[in-house]
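Asks: Numbering (UniProt numbering), first residue to last: 1 to 1182.
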C-alpha cells in the first residue's frame, strides 16, 4: 500500500509572500498532496479577505482546515489537494489537528499535526489528548510536526544540558501509545537559534508512527529538508521506492530439515571434479541454488501455512481427547502432533532469528514479536541510502543505483598516492625468520574444518547466498570438496574473480544521515573466500603483537581496547594536574580509512616487514581484482572493479590495516615527535584501528613535526586526515592555542573528546558528560520493541545488551552516584514492568537482591559496583603480567596499587587501589625474572608485605625498588645497601620461569566470572538454586519459580500487607486466602495439576511447599541426574502455568479446568524437549 506524499513545516509566519513561495517550491519538489503549516501567525480576520485567501493558496484544488480560533496567533493550517485526497478532521485543539485521510472513498490513515506549546504544563495536556486520539491497533497513525521538545539528551547541542526527568512525560506518551520514530534521512537537528555565539541545535520536529503504520507502510520514511527561510527543517513524509525486485538467493537454515535438500546436495556433489577445484565447487553451489528454487519449501511462507494446518489438526485431536481422555490412540496422536508442531515452530523461529540477527536472545520465550520488530527496523536502515538519494519528482530506482555505483566506484578507484618509494617510511619491528617459515606451511584439512565451524551460522552471506550454517550442516558431504578448493588456492596462488566478488551493504553510521558519505559500506564476502582469508588471518594473528607497536590496541591478540581509554583518562588527569602544563590532546579522523588505503603500499609494507614472498602473493590475490555489487532492497545491483581500499567485512582487513597504521606509529617514533612524559615513560599516541588519539607538547616545533608526519603518511598510504571532523583540547591556561590550531589545521577546540564512545577531558567530567550513557540505556529500554519482550526476554536483554553498555563505560571512567542511581532505578523498572520511566509501581524484590549471583539467590545480573570491582581486578592482574602501554604507565607513575595513591592520582587509579585492598587476599605473587613487584609495598613475602613479615625493627633499610632490579638472569644480585635480613629473606625465594608473577587465588587461569563471585563471596549460598536453574532450564518458567521463592509474586497477602486492598481469597480454589505457599501447592486446584502431571506426588500426606517438592525429587531420583533435572524443569513449568491461570482468572475472567491446564503443561514441555536426545524417553514420563 501507499499514501499520498505529505509534509509538515514550522514556517515561522505565513504572512510574507516569500514564505508562500517557499511552500510552493517544497510542494513542487516533492509532489506533495498535503502540507501542515505550523506557526502561521495568521489572524482569523485575515481569512475573510478573498485576496489573502487566493494569494496564500498552495494547491489548484485546495481545501484546508485550521485552529486559528483557538489561539491568539494562528498555529496550524492544513492544506491539501482535494483532487488527490480528502482530510476529515475529528479533533482540533490549540496544539493539534487530528483526522482521517481518505483516498477513493476509503480511509487510509490517521494524521495528527502537532505544534506543541513552549509551556511544559500545556504540553502535558497535549500528551494526554494524544492518548485519547490513538486509533485501534490495526489502523495506521502518524503524528508529525513541531513537538517543541526532544526525546533524548543527545538530540540537543549547546545551551543548558537537558536532564532525563524533563524528558519523561514525552517518552511516556510515546511508550503508552507504542509509537516509534519513523526511519529518517537528512539533518540530525531540526531547529537552530540562528546565533553565532552560543548556538543551540535541537531536534524539535519529528514523525512518530504506530505499529500498524510500520506493518502497512514498511518502506516509508521521512526526510528533514533544508530549512530555507525558516529556522525549522520541513519534514517530508514519503512512501519510499515501490519497486518489485528479484531478491537475491539466501540460504535459509531451516531447509536442512527437509530430506529433498539432502537429495539435491548428494546428487550435485556425486559428480567428479572437472578442471579447477575452486571453479568446480562454485559451480556445484550454483546447481544447488537452481534445484532449491524449484521446491515449494524454499519460501518461508510455506512454514506459516503448514503451521496453520497443524494447529487445526491438533485442536481437533484435543476435542476428541476431552471426550475420551484414556484412549491410547488419541493420546499417541496428540504426542505426535505436538512434536510435529514443535518441529515447524522451531523452523519458523530459526528463520526469524536468522533474519533479526539477535545474538543475545537464546533462552526463555522465542519473543517472536520482538524479533519481527527488529527485522522491520533493520529493513528501514537498509533502505536508508535509497531513501536519501531518491527525489520523488524525478528519481527512479535506476537513478539511485547509478548514483550509488558512481560514488563507490570512485571511492574504490582513487588516484594512487604521489609517493612510490616506500623505503623512506621507518620499518619498525620485523617478522622473525623462524615464524616467517611457519606461515607458509601447507594448509591442513583440520585447519580448514576448524575455521568453518568457528564461523557465525547467522552471519549475512556473500553474493552466492550460502552462509556458514550451510557449510557446517553439510560438512560430512562437502567437507572434502571445500578442503580441495582451499588447497588449490594455496598451491596455485589462483582464485577466480567470482569467489572474490563482494556485495556492499550500505549501512548508515548514524540516524538522519544527510549525505552518502554518512554511510559505511560493509563487505559481504562469499563464505568460500572467507575460509581462505581466515586461514591467512589465523596465521597472522599470533605474531601481530611482535610487528605492530603496542600503541595499537585494535585486532591484536592479548591487547584490550578499553585499556586505551583507561590510559588516556589517566594521562589527561596527570597532565592537567602537572604544574606548567604545556600539552595538547587531539583526536584525528582519517577519511574513509579502510576504503582508501593504497594496496601498493600495503604489499610493499608486508615485504618490508619480512613476510615471505609467497605469503605476500596470497594476500595480493585476496585483495586485488575485487569486484563489487551494491545490495539495495534485497537485490544485487551493478558490478564494478576496484583498485584501492580494503573491504570492511573481510577477515584479513583488520590485520592488514593495523600493519598500515603501524607505519604512522613508526613515523611518530622516528621523526622526533614529543608526547607526554613522566620519568622514563613517554606516550605520543593511541590507536584503535583508524581511531587516532594524539598527545603532545604544545609547541610550534612539535606541532610542525606532526603536520609533516601526517603529510608524509598520506602521500605514501593514501590515508588523509579529515580536518573538519578532528578535535583538539588543551588544559587550563594554555596560551598558544590559536597557533597550535593553525599549524595543525584543526579549528574545533573542545573541552572533551569522545574516544571509542567514552568522554575524555583534561577537566573533571560533569553529569552531562554521562548523558550519552544514560541516553543509550534509556533508549534501549523505552521503546515498544522492548515492551514486546517477556520477563525472561527482558532479563536476557538486560544481561547481554544493557549490561554490556554499562560495563564498557565502567572500563573507561568512574560513574557518578547520580548515574549509579539512574541505572539501578531504570533497570529495576524495566525488568519487572517493561518500562523504565514509570515510577508509580510496586517493587516486590530489591534490585540488590536481583543483582546477586544465582547461587546466592539472585538472577545473576551483576551490579555496577560488582562490575567495577571485577574490571579493576582484571586491570591489576594485567598490570603485572602483561607488558602494555597501560601497565608501563601505571608502574612508572604509581609503582603498585598497594601503595597509598599520591595526591595527583586520578580517580580511576584511586578506585583500583581500593579494589586492590579489598581483594588483597585473592592476589598471590610469584617471583619471576621480569616481575615488576614492589619490594616495599607488595605482599610478595608469603602473602605479606616485607614490613608485616619481618617487622619494622628487623627489616632494616628497605628501598622502594622492584624485585626484578635484584635479579640477573636466574640469580639474585644484591646491592651493598640492602640489610642482611632482607638479603637472607630474598635469597630463600626461588626465581620462577614464566611471565605470570601475579595470580588469582594461586591460579594462572582466571576470568571475569571469578572476580564477580569474589565480590559476592560473603553472601550465604542458596540451597535451592540448582533446582530452579537446572541444566537446560526453561528461562521463562525458572524466573517465575525464582520469584515465588524470593517473595516476588504479587499474591493477595503480599499486597494486603502493604495496605493495598484486593480480594483475599484464592482465585483457583475460592476457599482459603491466597499466599505463595497456598498456591504452591496447598490449593486443591494446584495440587491436582501437580499430581496430574507427576503422579508420584500423590504420596504426600500433607500438601507440599515448593521446597518440599524439590526435596522429594532429589530423594526419588538420586543417581539419575538427567531424570532429576527433567522433573525440576517440569516443576518450573507447572508453577508458571498455575500462576498464569491465576492471573487469567483474576484479571481476564478466563478459566481452565485442572485437566486442561495439565494438557497445557504437557504440551509446553513436549515442545521444549523435542530437540533433546532421547526425548521420547522423557515424553513417556508424561
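For every residue, glycine included, the Cβ atom is placed at its ideal position computed from N, Cα and C.
#1: Starting from residue 544, trace the alpha helix (DSSP H) both ways and give me its first and last residue.
#2: Is the region 586 to 596 close to the region 716 to 727, with three or more CB pairs under 8 Å?
#3: Can you tell me whether residue 502 is helix, strand or coil according to DSSP?
#4: Mind checking who residue 1088 pairs with in its DSSP beta bridge?
#5: What did DSSP end up calling residue 95 once you bin it into helix, strand or coil?
#6: Looking only at its own chain, which residues have a Cβ that is under 8 Å from the Cβ of residue 124, when we skip the five neighbours before and after it?
#7: Nearest to residue 452 by CA position, among 1101, 64, 531, is which residue?
#8: Which one or two residues does DSSP pair with residue 1125 in a beta bridge?
#9: Using a Cβ-Cβ cutoff of less than 6 Å, which residues in the same chain neighbour residue 606 once the five nearest sequence positions on both sides are dropped?
#10: Suppose contacts are defined by Cβ-Cβ distances below 8 Å. Is residue 415 in contact with residue 608 by that definition?
#11: Which class does residue 809 belong to by DSSP, given the choice of helix, strand or coil?
#12: Let me confirm a value: residue 7 is counted as buried when at least 16 other C-beta atoms fall within 10 Å, else exposed. Which label applies?
#13: Nearest to residue 35 by CA position, among 328, 4, 147, is which residue?
#14: Give the DSSP-derived three-state secondary structure of residue 394 in the structure shown.
#15: Might you give, ordered along the chain, the residues of its own chain that have their beta carbon closer than 6 Å to the beta carbon of residue 165, omitting 5 neighbours on each side?
#16: My assumption, with CB atoms under 8 Å, is that residue 1125 sits in contact with residue 1032. Please give the rounded CB distance.
#17: Say whether the region 664 to 676 touches the region 692 to 702, bearing in mind that this needs 3 or more beta-carbon pairs closer than 8 Å, one atom from each stretch.
#18: For residue 89, which beta-bridge partners are listed by DSSP?
#19: Taking only runs of the beta strand (DSSP E) that begin and end inside the region 1014 to 1081, which ones reach a length of at least 3 residues, in chain order?
#20: Could you tell me the boundaries of the alpha helix (DSSP H) in which residue 223 lies?
#21: Could you give the distance in angstroms between the alpha-carbon of residue 914 and the alpha-carbon of residue 865?
#22: Look at the alpha carbon of residue 363 and the alpha carbon of residue 1013, and state the distance between them as a whole number of angstroms.
#23: Please classify residue 826 as buried or exposed, where buried requires at least 16 neighbouring CB atoms within 10 angstroms.
#24: Nearest CA to the CA of residue 925: which residue from 912, 916, 939, 868?
#25: Determine whether the beta carbon atoms of residue 550 and residue 885 lie at a separation below 8 Å.
#26: Would you list, in sequence order, the uninterrupted alpha helix (DSSP H) runs of no fewer than 4 residues that lie entirely inside the region 395 to 465?
#27: If you draw a straight line from the alpha carbon of residue 746 to that of residue 567, how long is it in whole angstroms?
#28: Would you tell me roughly how many angstroms separate the C-alpha atoms of residue 402 and residue 396, rounded to the nearest one?
#29: Output needed for residue 501: all residues of its chain with C-beta closer than 6 Å, excluding positions within five of it in sequence on either side, in chain order.
#30: Would you call residue 944 buried or exposed, if buried means 16 or more other Cβ atoms sit within 10 Å of its Cβ?
#31: For residue 887, which residues does DSSP report across the bridge?
#32: Along the chain, where does the beta strand (DSSP E) that runs through residue 995 open and close?
#33: Would you list the one or two residues that DSSP bridges to residue 697?
#34: Looking at the structure shown, is residue 1100 part of a helix, part of a strand, or coil, going by DSSP?
#35: From which residue to which residue does the alpha helix (DSSP H) around residue 820 run?
#36: Using beta-carbon positions only, say whether residue 109 and residue 140 come within less than 8 Å of one another.
Replies: The answer reads as follows:
#1: Here residue 544 corresponds to residue number 544 of the chain shown, with the count starting at 1. Its alpha helix (DSSP H) spans residues 544 to 547.
#2: yes
#3: What you label residue 502 is simply residue 502 of the chain shown in a count that begins at 1. It is a strand residue.
#4: Locating residue 1088 in the chain shown gives position 1088, counting from the first residue. Residue 1088 pairs with nothing; no bridge assigned.
#5: The residue labelled residue 95 in the question sits at position 95 within the chain shown. Three-state DSSP puts residue 95 in coil, outside helix and strand.
#6: Numbered from its first residue, the chain shown carries residue 124 at position 124. Taken in chain order, the residues that qualify are 169.
#7: Taking the chain shown and counting its residues from 1, the one referred to as residue 452 is at position 452. Nearest option by C-alpha distance: 531.
#8: Your numbering for residue 1125 matches position 1125 in the chain shown. According to DSSP, residue 1125 bridges with nothing at all.
#9: Looking up residue 606 in the chain shown gives position 606. Result list for residue 606: 616, in chain order.
#10: Indexing the chain shown from 1 puts residue 415 at position 415. Indexing the chain shown from 1 puts residue 608 at position 608. No, they are not a contact pair.
#11: Position 809 of the chain shown holds residue 809. Correct three-state label for residue 809: helix.
#12: On the chain shown, residue 7 is found 7 positions in, with the first residue counted as 1. Residue 7 is buried by the Cβ-count criterion.
#13: For the purposes of this step, residue 35 is taken as the residue at position 35 of the chain shown. With distances taken between Cα atoms, residue 35 lies closest to 4.
#14: Working through the chain shown from its first residue, we reach residue 394 at position 394. Confidence at residue 394 is low in this model, with a pLDDT of 45, below 50, so the placement of that residue should be treated as unreliable; the coordinate-derived value is given next. In the structure shown, residue 394 sits in coil (DSSP, three-state: anything other than H, G, I, E or B).
#15: For this step, residue 165 is matched to residue 165 along the chain shown. If we look at residue 165 and ignore the five residues flanking it on each side, it has no Cβ neighbours.
#16: Along the chain shown, read from residue 1 onward, the residue named residue 1125 stands at position 1125. Along the chain shown, read from residue 1 onward, the residue named residue 1032 stands at position 1032. Indeed they touch by this definition, with Cβ atoms about 7 Å apart.
#17: yes
#18: Stepping through the chain shown from its first residue, residue 89 is reached at position 89. According to DSSP, which records beta bridges pairwise, residue 89 is partnered with 99.
#19: none
#20: Within the chain shown, numbered from 1, the residue matching residue 223 stands at position 223. Element bounds for residue 223: not the alpha helix (DSSP H) but the beta strand (DSSP E), 221 to 224.
#21: Along the chain shown, read from residue 1 onward, the residue named residue 914 stands at position 914. Along the chain shown, read from residue 1 onward, the residue named residue 865 stands at position 865. Going from the Cα of residue 914 to the Cα of residue 865 covers about 12 Å.
#22: On the chain shown, residue 363 is found 363 positions in, with the first residue counted as 1. On the chain shown, residue 1013 is found 1013 positions in, with the first residue counted as 1. A caution first: residue 363 carries a pLDDT of 42, below 50, which makes its placement in the model unreliable, though a value can still be read off. Roughly 23 Å separates the two Cα atoms.
#23: Locating residue 826 in the chain shown gives position 826, where the first residue counts as 1. Answer is buried; the Cβ neighbour count reaches 16.
#24: In the chain shown, counting from the first residue as 1, residue 925 sits at position 925. Checked all of 912, 916, 939, 868; the closest Cα to residue 925 is 939.
#25: Counting from one through the chain shown, the residue named residue 550 turns up at place 550. Counting from one through the chain shown, the residue named residue 885 turns up at place 885. A contact, by the Cβ cut-off of 8 Å.
#26: 397 to 411, 433 to 438, 445 to 453
#27: In the chain shown, residue 746 corresponds to position 746, counting from 1. In the chain shown, residue 567 corresponds to position 567, counting from 1. Each residue's alpha carbon lies about 24 Å from the other.
#28: Reading the chain shown from its first residue, position 402 is the one you call residue 402. Reading the chain shown from its first residue, position 396 is the one you call residue 396. Cα to Cα, the separation comes out at about 10 Å.
#29: Position 501 of the chain shown holds residue 501. 463, 627, listed in sequence order.
#30: Walking along the chain shown from the start, residue 944 turns up at place 944. Exposed: under 16 other Cβ atoms inside 10 Å.
#31: The residue given as residue 887 occupies position 887 in the chain shown. None; residue 887 has no bridge partner.
#32: Locating residue 995 in the chain shown gives position 995, where the first residue counts as 1. From DSSP, residue 995 is part of no beta strand (DSSP E); its letter is neither H nor E.
#33: For the purposes of this step, residue 697 is identified with residue 697 of the chain shown, where counting begins at 1. BP columns for residue 697 point to 583.
#34: Within the chain shown, residue 1100 is the residue found at index 1100, counting from 1. Residue 1100: coil per DSSP, three-state reduction.
#35: In the chain shown, residue 820 corresponds to position 820, counting from 1. Residue 820 -> alpha helix (DSSP H) spans 817 to 833.
#36: As a first step, residue 109 must be located in the chain shown, where it is residue number 109. As a first step, residue 140 must be located in the chain shown, where it is residue number 140. Result yes, Cβ atoms of residue 109 and residue 140 sit closer than 8 Å.
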